[in-house]
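Chemist: Below are the structure tokens for one structure; questions will follow.
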């Protein structure tokens, strides 16, 4: 059984169907890309998985247990973490704190233990810091010197990186990346591609929404194509690249007159 | 009972007028003002001065109060909103609190802290006979208060739904960025909305000031807060909702006194507000009428 | 440098300030100034507690005086009628206030933004009106008089300097506990919720629970401040807990700057002092107060010390950890 | 490090500087200072200003005549806003200033009583012109008042209403504050004892303006007398609204309503209002006439009862200072206790039996828009 | 007619546009292409005056319009079709059209134009009494275009008109864009992700990548330019 199973998921917003009967799955150690033109329902699918907007119909199971009707924080605690299309960092917190928040659900420190500070509290805090710094070190020298900078001071690419680190720090079983390379130059994009592979190699499954075909083609094990809320194709990169329907949907049809 | 109903409606119409102001301002600017009660107070004092110094004319007092409170509204808008558009909500809120403190104390300097009233010789010229219906005496002043209220509400309804300005206010309320991109000077629209809301408050001040013939600096405090809860009960953005909620609260308060709960009286509006917030945060009627108001 | 010496040096500013605070009564001498200092202390606790909500978790409460009032009435009643000693009455007042905080927070927290704010306003008004009209319990607008003096460990607290040291101790406790709370998982979660609740929840933070906890905590601290107030002024009446008191707390917070522990203290001090300093202006002084508030919000909306994280890290208790793990481009493997 | 320290210390230093600034107090050479704590802003500001006017007038006169024991009297006025907490702060400020020898105020019972422990501890005399709460003078040995308490006024009015006027069905409408609750309680107790039926007791909160609901209800109960412990603005509103609904009945009220303002605000609606007053402008007693004239000369308007009470407070204070000297706070109270038959504008005052004065009250009423002595 | 020279724009500390220069001539359709977050919408907002550029200049028919509010820009003859349409959801379709003509004072002309829009967009006539939010996405796009045309613009700038529309409607929308361009003689700056579609009706195109213009050419050349595919889609 696959890690994440999505079966016949439909989501409608007051009559407008953003997703229609979508089924797909993500397996352990797999990178699956979700592509499709703007407004195809990719982000909506992410929102359904993470509990931000529960699906109107259909089943979503993770490790065999249903995710539908769980709150976002519960889903996150089960090991599903995400990044956002429009980067959502905690702007006034430092880089390190941002990443440490990703570990919140693994902590035990509550009000009373915070006040009394038994030894395990500082141990927990230390472990959290160490893990966070370790994750941040995946980006080499880019973020380590900026641990104590407020997130809002970072460049666009670095913000992306912090967001990824935040999602990654708790060691989730499944990572959802929503356009991780948007707004990055080719060099930076390559860095992300390498990183996604590295993450996969560490044993995380990844579902990624991406527009840059080059990224999609090089990084994916499998590609799922959405258009107007429906899955129109699924398969390995080579097959998708040749699929005319996909090309039409994604890049827009060439009009007969000019073609 | 009929008499109590009339009492409640008179009282409620004031809440309604004030609540309309809150609603218009919140609906358009998405900000809460705590200086609205003081706008009401200023309106009342302006009316008082006009009747006392110029002429014992109800209409004149209302007109001048309209102008004065519109101006005051624009000033408040500029201080509390225009300069603070990108600031957190609480900043605007605090400025209006500051303005409220300032206005109360300025009024105290100008008119003195004591309760003033229009001399009876002048007031008699304003009057107004009375008539009896089912054993209840109703004065023409009471009728005038109700009529002006109804007139204003109708005027506001027409303004919002039938004029270009109204359309622009609604458009700005719904999506001010899009309105801005259409070439609307949204700053002016915000000021206008605030001014109109303040005018309603100002007129309420004149009406109630003359009706009870009592003017004092802190007269707007409790009224302001209650009208505000009426606005919430009505849905914060619904103009008809504020009217109904205002009237309803007025009537319920009156009947609370009738049934021996005088001390509960002032709690009612706030209890009502909390209940609405808990069980129906969008207000009695869904609460989107300002931005939903339909012309035809 | 030996570690002890280093931490003494690092804590020098705090030691200096503490010494100053301890010496303040003898420096001031005059009982009136000590009294002003005591009121500053009360407001520091109140504003710090409000700061938990408005500054840290981003819930705008405009009815905080309600919890202050509950604490004051609870403490007075517990001591006068249940015969509890002060040392029990004060925390009990805090707990009762916290319980009300829970009752308010639980149902209202599902409301968003402005609606929650309005609910706090409504609660404050209702509490005020209840205190005013429940004659048999609160003695209505007459208020409760003759509230006994506190006594701690057999010692009566009666002189101004004694009260001063009591409130100083409470302020220090508040600061100490808050900085412990905020410098760990709990505080980080609050900030994350303030910054972006959706992202925080997507990272596994149980926002609703944290919000309730923050509300309860804030109510607790406010209740403690109320208890002290009751036993200090020895007279409480509903007027002291009217919505305008909440507004003043908000003003103090906004003026000082929120989201850190220093700003609220400064805000409380300044707004207690302004009316005192302008007492000679008699009826003009409230005009000054209102104007200061307006001008301040327009020219420096983040407050005197807002927008920055003034870390109140007490280095004896919390050695900064990150430096230990990060050396140059390498981080140390697990110990 | 230093920077960090400064960043932290700067706000606190600035606070200290502010405090230091506040310590610069004026030094007066040959003067005696009396504190006045009164509401100059807020809901009760008008009364505070009445205090200020009357007391300034008395002190100016005394100073012109050479002062007390050769020293000029100086009034230190502070605004309590009607807030008990403020009153406590002010008390502390007065007590801490060794030049201030005694205090007059506050206006409301709650402020006066909140501040009382501070004065008591410092052994400073606190003389409130108007605090009428029964417990005020029980707060300590240094608390005095000029006004008669509701404990005296209430039963006095009840006897007037029930025994003299023969009213049997009585309704009360009272302001829900410390004073109003007391005023209502003492009246109702006595009236019931005398056999009257109290058909309604309606409270209203300070600031209330709409009384139609209460009046409609009371009207239906057909009382033959309404007792109205309220202040003049409220009373004027109540009576105006009652008139508008053609609700005619006898109305009686405590001395709080005795003011020109009642007639100014109430117009024809207050005709026939019955009041028992401490002070009356056309009171033929010389002290009252002297005050009335002096006040009119100074401020160009008729004084009210509050002004008269404050006038007497100032006069009593001057008398006490003359007797006790101006050097020792603790002596003033003995001087006050020793005063016999002080002829004040509000009657003959002595503190021989406790710190509440016993005075003969005047029965007055409104006739043709004027206050006149009640003459059945 | 429209000329952007060396525009730099920022969102907070983040640079969104670097050195962007482009021109639109009278009567032509120009496409501005690029992937997500590449600065397309920012360019459009900068032209409209919703974002203030930190550097550079924008002229329209010789008039400087950078740093001017939208009211001036719209009056000068530039009308926007906003991203995601941004209709006023609770105004009727007719009211939305009137909002488009906000800056105009000629009542008669406005009424005539409304009639014209009814002809150009039959949907608008059918639905003119309905609140805009009750329309489908494609219908809303029509209304949005009609609203923009109500200002009688000389230049129409359109932000992703194809977004979220069904293929059928995308086709239709582009047809209408062409019609509008031809019939009304309005120049159009088309900000699009749907490259093939956009270029098929455009005369020229620009490709943006991370806030910089990386390619500019005629539409035909761009369509056949392999670099364009690479830059825009990252297809190898």
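Residue numbers (this note's numbering), protein chains in the order written: chain A, 4 to 262; chain B, 3 to 298; chain C, 80 to 414; chain D, 203 to 578; chain E, 22 to 257. Here a beta-carbon is modelled for each residue, glycine too, at the ideal position from N, C-alpha and C. Given the structure is predicted, the values throughout are model-derived calculations rather than measurements.
(1) Quick check on DSSP: helix, strand or coil for residue 33(B)?
(2) Give the straight-line distance between the Cα atoms of residue 277(D) and residue 516(D), rounded to the nearest whole angstrom.
(3) Taking all protein chains shown into account, do 16 or more other C-beta atoms lie within 10 angstroms of the C-beta of residue 447(D), making it buried, or fewer, making it exposed?
(4) Between residue 466(D) and residue 445(D), what straight-line distance do the alpha-carbon atoms span, to the nearest angstrom?
(5) Would you call the region 168-188 of chain A and the region 73-89 of chain A touching, i.e. three or more CB-CB distances under 8 Å?
(6) Examine chain A for any beta-carbon lying closer than 8 Å to the beta-carbon of residue 128(C), and answer yes or no.
(7) Quick one: is residue 107(B) buried, meaning 16 or more other Cβ sit within 10 Å of its Cβ, or exposed?
(8) Please list, in chain order, the chain A residues whose beta carbon lies closer than 7 Å to that of residue 187(E).
(9) Whose CA, out of 281(D), 544(D), 510(D), lies closest to the CA of residue 525(D)?
(10) Is residue 242(C) near the ligand MN, judged by its Cβ being under 7 Å from some heavy atom?
(11) Under 9 Å Cβ-Cβ, which residues of chain E neighbour residue 76(A)?
(12) Quick check on residue 446(D) - is its C-beta less than 8 Å from some C-beta in chain B?
(13) Roughly how many whole angstroms lie between the Cα atoms of residue 98(A) and residue 146(A)?
(14) Taking the beta carbon of residue 381(D) as the centre, do at least 16 other beta carbons fall within 10 Å, making it buried, or is it exposed?
(15) From the beta carbon of residue 257(E), is the nearest beta carbon of chain B less than 8 Å away?
(16) How about the region 37-52 of chain B and the region 148-159 of chain B: do they share at least three Cβ pairs that are nearer than 8 Å?
(17) Can you say whether residue 411(D) is buried or exposed, counting buried as having 16 or more other CB atoms within 10 angstroms of its CB?
(18) Starting from residue 345(D), follow its DSSP beta bridges and name the residues at the other end.
(19) Could you tell me the distance, in whole angstroms, from the CA atom of residue 9(B) to the CA atom of residue 175(B)?
(20) Is the shortest distance between the beta-carbon of residue 184(E) and the beta-carbons of chain A less than 8 Å?
(21) Using a 10 Å radius around the Cβ and a threshold of 16 neighbouring Cβ atoms, would you call residue 156(C) buried or exposed?
(22) Just mark residue 186(A) as buried or exposed, buried being the case when its beta carbon has 16 or more other beta carbons within 10 Å.
(23) Considering only residues of the same chain and omitting the five flanking positions on each side of residue 535(D), which have a CB-CB separation below 7 Å?
(24) So that I know if they touch, is there some Cβ in chain E lying closer than 8 Å to that of residue 193(B)?
(25) Going by the beta-carbon positions, is the gap between residue 283(D) and residue 509(D) smaller than 8 Å?
(26) Taking only three categories from DSSP, how would you classify residue 232(C)?
(27) Is the Cβ of residue 23(E) closer than 8 Å to any Cβ of chain B?
(28) Determine the chain C residues that contact residue 247(A) at a beta-carbon separation under 8 Å, and present them in chain order.
(29) Residue 278(D) lies in the beta strand (DSSP E); which residues open and close that run?
(30) Would residue 263(C) and residue 124(A) qualify as a contact pair, given that the criterion is a beta-carbon distance under 8 Å?
(31) Do residue 565(D) and residue 550(D) come within 8 Å of each other at the CB atom, strictly closer than that value?
(32) Note down the Cα distance separating residue 258(E) from residue 164(E), rounded to an integer number of angstroms.
(33) Short check: CB of residue 381(C) to CB of residue 378(D), under 8 Å?
(34) For residue 42(E) and residue 234(E), which I take to be in contact (beta-carbon distance under 8 Å), what is that distance rounded to the nearest angstrom?
(35) Take residue 330(D) and list the residues in its own chain whose beta-carbon comes closer than 7 Å to its own, dropping the five residues that flank it on each side.
(36) Using a Cβ cut-off of 9 Å, pull out every chain D residue sitting near residue 318(C), in sequence order please.
Modeler: In terms of the structure at hand:
(1) In the second chain, counting from the first residue as 1, residue 33(B) sits at position 31. It is coil, neither helix nor strand.
(2) Along the fourth chain, one-based indexing puts residue 277(D) at 75. Along the fourth chain, one-based indexing puts residue 516(D) at 314. C-alpha separation (whole angstroms): 10 Å.
(3) Along the fourth chain, read from residue 1 onward, the residue named residue 447(D) stands at position 245. Under this definition residue 447(D) is a buried residue.
(4) Residue mapping note: residue 466(D) aligns to position 264 of the fourth chain, counting from 1. Residue mapping note: residue 445(D) aligns to position 243 of the fourth chain, counting from 1. Roughly 16 Å separates the two Cα atoms.
(5) yes
(6) Position 49 of the third chain holds residue 128(C). So no, residue 128(C) is outside the interface.
(7) Position 105 of the second chain holds residue 107(B). The residue in question, residue 107(B), is buried, as its Cβ has 16 or more Cβ neighbours within 10 Å.
(8) For the purposes of this step, residue 187(E) is identified with residue 166 of the fifth chain, where counting begins at 1. The contacting residues are 231.
(9) As a working mapping, residue 525(D) is identified with position 323 in the fourth chain. Of the listed residues, the one whose Cα sits closest to residue 525(D) is 544(D).
(10) Summarising the ligand content, the structure contains no ligands, and the ligand MN is consequently not present.
(11) To locate residue 76(A), count along the first chain from 1; it is residue 73. By Cβ distance, chain E contributes nothing, its closest Cβ being about 27 Å from residue 76(A), past 9 Å.
(12) Translated into the one-based positions of the fourth chain, residue 446(D) becomes position 244. Yes - at least one Cβ of chain B is within 8 Å of the one on residue 446(D).
(13) Against the first chain, residue 98(A) aligns to sequence position 95. Against the first chain, residue 146(A) aligns to sequence position 143. One C-alpha to the other measures close to 8 Å.
(14) Taking the first residue of the fourth chain as 1, we reach residue 381(D) at position 179. With 16 or more other Cβ atoms within 10 Å, it is buried.
(15) Along the fifth chain, one-based indexing puts residue 257(E) at 236. With a pLDDT of only 35 at residue 257(E), under 50, the local geometry of the prediction cannot be trusted, and no value is derived from it.
(16) no
(17) Counted from its first residue, the fourth chain places residue 411(D) at position 209. When all chains shown are included, residue 411(D) counts as buried.
(18) Here residue 345(D) refers to the residue found at position 143 when the fourth chain is read from its first residue. Answer by DSSP bridge pairing, in chain order: 328(D).
(19) The residue you call residue 9(B) lines up with position 7 of the second chain. The residue you call residue 175(B) lines up with position 173 of the second chain. Roughly 35 Å separates the two Cα atoms.
(20) For the purposes of this step, residue 184(E) is taken as residue 163 along the fifth chain, with counting starting at 1. Yes, its Cβ sits closer than 8 Å to a Cβ of chain A.
(21) Taking the third chain and counting its residues from 1, the one referred to as residue 156(C) is at position 77. Label assigned to residue 156(C): buried.
(22) As a position in the first chain, residue 186(A) is number 183, starting the count at 1. The residue in question, residue 186(A), is buried, as its Cβ has 16 or more Cβ neighbours within 10 Å.
(23) Here residue 535(D) refers to the residue found at position 333 of the fourth chain. Closer than 7 Å at Cβ, skipping near neighbours: 327, 343, 344.
(24) Reading the second chain from its first residue, position 191 is the one you call residue 193(B). Answer no: the Cβ-Cβ gap between residue 193(B) and chain E never drops below 8 Å.
(25) Within the fourth chain, the letter at position 81 stands for residue 283(D). Within the fourth chain, the letter at position 307 stands for residue 509(D). No, Cβ-Cβ distance for residue 283(D) and residue 509(D) is not below 8 Å.
(26) Taking the third chain and counting its residues from 1, the one referred to as residue 232(C) is at position 153. Coil at residue 232(C), not helix or strand.
(27) Counting from 1 along the fifth chain, the entry for residue 23(E) is found at position 2. Cβ-Cβ to chain B under 8 Å: no for residue 23(E).
(28) In the first chain, the residue the question calls residue 247(A) occupies position 244. Correct list: empty, because the minimum Cβ distance to chain C is about 37 Å.
(29) The residue you call residue 278(D) lines up with position 76 of the fourth chain. Element bounds for residue 278(D): 274-281.
(30) Against the third chain, residue 263(C) aligns to sequence position 184. Against the first chain, residue 124(A) aligns to sequence position 121. Yes, they are a contact pair.
(31) Residue numbering aside, residue 550(D) sits at position 348 when the fourth chain is read from its first letter. Residue numbering aside, residue 565(D) sits at position 363 when the fourth chain is read from its first letter. In this structure, residue 565(D) does not lie closer than 8 Å to residue 550(D) by Cβ.
(32) Nothing can be reported for residue 258(E), as the shown portion of chain E is limited to 22 through 257.
(33) To locate residue 381(C), count along the third chain from 1; it is residue 302. To locate residue 378(D), count along the fourth chain from 1; it is residue 176. It is not a contact, given that the beta carbons lie outside the stated cut-off.
(34) Residue numbering aside, residue 42(E) sits at position 21 when the fifth chain is read from its first letter. Residue numbering aside, residue 234(E) sits at position 213 when the fifth chain is read from its first letter. Between residue 234(E) and residue 42(E) the Cβ distance is about 7 Å, and since that is below 8 Å, they are a contact.
(35) Here residue 330(D) refers to the residue found at position 128 of the fourth chain. If we look at residue 330(D) and ignore the five residues flanking it on each side, its Cβ neighbours are 307, 308, 314, 338, 347.
(36) Here residue 318(C) refers to the residue found at position 239 when the third chain is read from its first residue. Result: 284, 285, 286, 287, 312.
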